[in-house]
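> Below: one structure in structure tokens.
Chains as they are written, first to last, in the working numbering: chain A, 35 to 350; chain B, 35 to 350.
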């Protein structure tokens, strides 16, 4: 069983009342800079400031009323936690969120602000999983994984459907790659809607486990990566890896300085706030390791959640 | 002779191939914060990062070929200078821009980047006007004033036409007020398109010449105002003041701290970059000096040109 375009279309219908239809922006300076025609799908302007809301929303609204009444749960301290909390609040059900006790308070506050019921745990994967498991057993809540979940993958694919409705003749779509949920959903949707479209992943050089997994033909786990792209530190999942192997043309790694330069350029010229994990997709074009000149390129800007007090181009 | 809705519709047709149709964004957090339904018309996402491109573009493309061949000229160091330079480059004609020799180099570079032919002058109004006059006499270039020009006022009004196409049932439109070009064009368009709509101006407390002019019934010039809203320091013009007197319900002044708080909130929650001059329009809602609760409110976000190295909420 895998995710199909039909699943993605159903997800799009299901979540339509709850999400923003995000704009697709163009910018001449960016086009000149990278030598291509770039179409920015602005999921940074999505609710909770990231595409993650699409997948979480699809998962939450896929539940039967009986299932939903027991709530949903996940472990995350990032955008997915906020996404699950908000989707659950919209449906009027509890969201149990497991957060490591060393997570920045801004992240905890954001989840709490959307009504998420937080349980803190030690900052280890084991503690996160055992805490989540206890909550699931106690409450009967439905687990919504950040990426290794068909409902989530289908939800993430809905952004590409909208992008191709707006710009049907794209040659290439580039997305960031972390756990692989976004690029999985995107590639399934895009390759079915437009035959021959190329799907490329952007990944930080400093967290290049997906790049290495593709070379190795098996999942190489991410081991303590250090990148400013804090949304892209996860390893691939058992559901996402085979989709990526089948659909994704290649994964291109981007340096930290390339991400920072791309991020600042987009802020300055396109006047939108993107987070480093989004900048990695622009970074693929910026660093020109591969030749995409003259093509029509859709870029999934994944999110815009940034601490405005600590910008990566400023000294602190 | 004044500007009519027909002029604005003609301007909209004229500039359509050259401008961005900017999106209208909504944000639940902002709605909750201010207690109203807010629709953000994102002219910060316009070309050159500000609504000014609309008026400049309309002026440049209103010229006959013979007039255009002699070029256009203006004195400005702000968004209008960039707007005239870019519109002229698009039409393939020279743009002579007079800039005071103490203007920040980032502004000079931006104008030069759009191909503007810069003449520096002493930083006094007299020097700016005499330098511009000399250029006009030497070249025969057409003067495009930043706001006291019917073509510019008509161009600025096109943003309100688009906003009301997208959201026809607005109760109120709020715009920032500097020289008055934006609010003049906006009020003419909006009040003709939707009978009974209220048009309100936002102005910095520290640069409240329009507020005082409305009270006095005559133009009170702006005298050396100090506000972070560097786009709103001009005095009203002989064309804009009568339109504002006739159409604008009231001008609401906003504190510097209210502008900074509004600006940061929009960056954080809506993930778009707005300049302080835009934040003054949000500031009207933020500070709640007048009761607009529960209404559907269009806010013209005028621009997004900000020095990312010097953000007003950071200590330097």
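The beta carbon of each residue, even a glycine, is placed where N, CA and C say it ideally should be.
1. Find out if the Cβ-Cβ distance for the pair residue 5 of chain B, residue 245 of chain B is shorter than 8 Å.
2. Just to confirm the assignment, what range does the alpha helix (DSSP H) spanning residue 160 of chain B have?
3. Using the Cβ count rule (16 or more neighbours within 10 Å means buried), how would you classify residue 243 of chain A?
4. Could you check what DSSP says for residue 189 of chain B in three-state terms: helix, strand or coil?
5. So who's on the other strand from residue 300 of chain A, going by DSSP bridges?
6. By the criterion of Cβ-Cβ separation under 7 Å, what are the contact partners of residue 301 of chain B in chain A?
7. Within 10 Å of its beta-carbon, does residue 99 of chain A have 16 or more other beta-carbons around it, so buried, or fewer, so exposed?
8. Under 7 Å between beta-carbons, which chain A residues line up against residue 79 of chain B? List them in chain order, please.
9. If you draw a straight line from the C-alpha of residue 333 of chain B to the C-alpha of residue 59 of chain A, how long is it?
10. Against chain B, with Cβ distances strictly below 8 Å, would residue 298 of chain A count as a contact?
11. Output the boundary residues of the beta strand (DSSP E) element that contains residue 154 of chain A.
12. Nearest to residue 78 of chain A by alpha carbon, out of A:50, A:340 and A:183?
13. List the residues of chain B that residue 83 of chain A touches, going by C-beta distances under 7 Å, in chain order.
14. Quick check: what's the CA-CA separation for residue 115 of chain B versus residue 216 of chain B?
15. Can you check the stretch 233-296 of chain B for any alpha helix (DSSP H) of at least 4 residues that lies completely inside it and give the ranges in chain order?
16. Under 8 Å, Cβ to Cβ, is there at least one residue of chain A near residue 190 of chain B?
17. Does the beta-carbon distance from residue 306 of chain B to residue 307 of chain A come in below 8 Å?
18. Please decide whether residue 112 of chain A counts as near chain B, where near means a Cβ-Cβ distance under 8 Å.
19. Taking DSSP's pairing of strands, which residues face residue 337 of chain A in a bridge?
20. Between B:56, B:176 and B:163, which has its C-alpha nearest residue 105 of chain B's C-alpha?
21. Quick one: Cα of residue 148 of chain A to Cα of residue 119 of chain A, how far?
22. Can you find the residues in the same chain that come closer than 8 Å, C-beta to C-beta, to residue 220 of chain A, ignoring five residues on each side of it along the sequence?
23. Entirely within the stretch 103-136 of chain A and at least 3 residues each: give me those beta strand (DSSP E) ranges in chain order.
24. Give the interface partners of residue 338 of chain B over in chain A, defined as CB-CB distance under 7 Å, in chain order.
25. Could you tell me whether any Cβ in chain B is nearer than 8 Å to the Cβ of residue 71 of chain A?
26. How should residue 331 of chain A be labelled, buried or exposed, when 16 other C-beta atoms within 10 angstroms of its C-beta is the threshold for buried?
27. According to DSSP, is residue 176 of chain A helix, strand or coil?
28. In the DSSP assignment, what residue or residues form a beta bridge with residue 75 of chain B?
29. Among the residues of its own chain, which have a CB less than 8 Å from the CB of residue 320 of chain B, if the five just before and after it don't count?
30. Would you call residue 81 of chain B buried or exposed, if buried means 16 or more other Cβ atoms sit within 10 Å of its Cβ?
31. In the DSSP assignment, what are the bridge partners of residue 210 of chain B?
32. Name the DSSP beta bridge partners of residue 306 of chain A, please?
33. With residue 37 of chain A as the anchor, note down where its alpha helix (DSSP H) starts and where it stops.
34. Can you name, in chain order, every residue of its own chain whose Cβ lies under 7 Å from the Cβ of residue 224 of chain A, other than the five neighbours on each side?
35. So residue 182 of chain B is in the alpha helix (DSSP H); what residue range does that whole segment cover?
36. Please check the pair residue 290 of chain B and residue 262 of chain B, which I expect to be a contact at CB under 8 Å, by giving their CB distance rounded to whole angstroms.
So, to answer that:
1. Any question about residue 5 of chain B goes unanswered here, given that chain B covers just 35 to 350.
2. Residues 159-173.
3. Taking a 10 Å sphere around the C-beta of residue 243 of chain A, we find 16 or more other C-beta atoms and assign the residue as buried.
4. DSSP places residue 189 of chain B in the helix class (H, G or I) of the three-state scheme.
5. The partner list for residue 300 of chain A (beta bridge, DSSP) is empty, contrary to what the question assumes.
6. Per Cβ cutoff of 7 Å: 307 and 342.
7. Counting Cβ neighbours within 10 Å, residue 99 of chain A comes out exposed, since fewer than 16 surround it.
8. In chain order: 59 and 305.
9. Cα atoms of residue 333 of chain B and residue 59 of chain A: separation of roughly 20 Å, rounded to the nearest angstrom.
10. With its beta carbon less than 8 Å from one in chain B, residue 298 of chain A belongs to the interface.
11. Following the DSSP letters along the chain, one finds residue 154 of chain A inside the beta strand (DSSP E) bounded by residues 151-155.
12. A:340 is the residue among A:50, A:340 and A:183 whose C-alpha sits nearest the C-alpha of residue 78 of chain A.
13. Chain-ordered, the chain B residues with CB closer than 7 Å to the CB of residue 83 of chain A read 305.
14. Distance between residue 115 of chain B and residue 216 of chain B, taken at the CA atoms: about 16 Å.
15. You should have 243-250 and 274-281.
16. With 8 Å as the cut-off, residue 190 of chain B does not count as an interface residue toward chain A.
17. Taking 8 Å as the Cβ cut-off, residue 306 of chain B and residue 307 of chain A qualify as a contacting pair.
18. Chain B, which has no Cβ nearer than 8 Å to the Cβ of residue 112 of chain A, makes this no.
19. Under DSSP, residue 337 of chain A forms a beta bridge with A:84.
20. Checked all of B:56, B:176 and B:163; the closest Cα to residue 105 of chain B is B:176.
21. Distance between the alpha carbons of residue 148 of chain A and residue 119 of chain A is about 6 Å.
22. Contacts found: 190, 191, 193, 194, 207, 209, 233 and 334.
23. Listed in chain order, they are 106-109 and 129-134.
24. Ordered by position in chain A, the residues that pass the 7 Å Cβ test against residue 338 of chain B are 305.
25. No Cβ of chain B is located within less than 8 Å of the beta carbon of residue 71 of chain A.
26. Buried, because 16 or more other Cβ atoms sit within 10 Å of the Cβ of residue 331 of chain A.
27. In this structure, residue 176 of chain A counts as strand in the three-state DSSP scheme.
28. In DSSP, residue 75 of chain B forms a bridge with B:58 and B:334.
29. Cβ neighbours of residue 320 of chain B beyond the five flanking positions: 67, 68, 288, 292, 295, 296 and 299.
30. Its Cβ being crowded by 16 or more others within 10 Å, residue 81 of chain B is buried.
31. BP columns for residue 210 of chain B point to B:236.
32. Bridge partners of residue 306 of chain A: B:306.
33. Here residue 37 of chain A belongs to no alpha helix (DSSP H), and DSSP marks it neither H nor E.
34. Taken in chain order, the residues that qualify are 194, 198, 207, 231 and 233.
35. Taken as a continuous stretch (DSSP letters only), residue 182 of chain B belongs to no alpha helix (DSSP H), as it is neither H nor E.
36. The C-beta separation of residue 290 of chain B from residue 262 of chain B comes to about 6 Å, placing the pair in contact by the 8 Å criterion.
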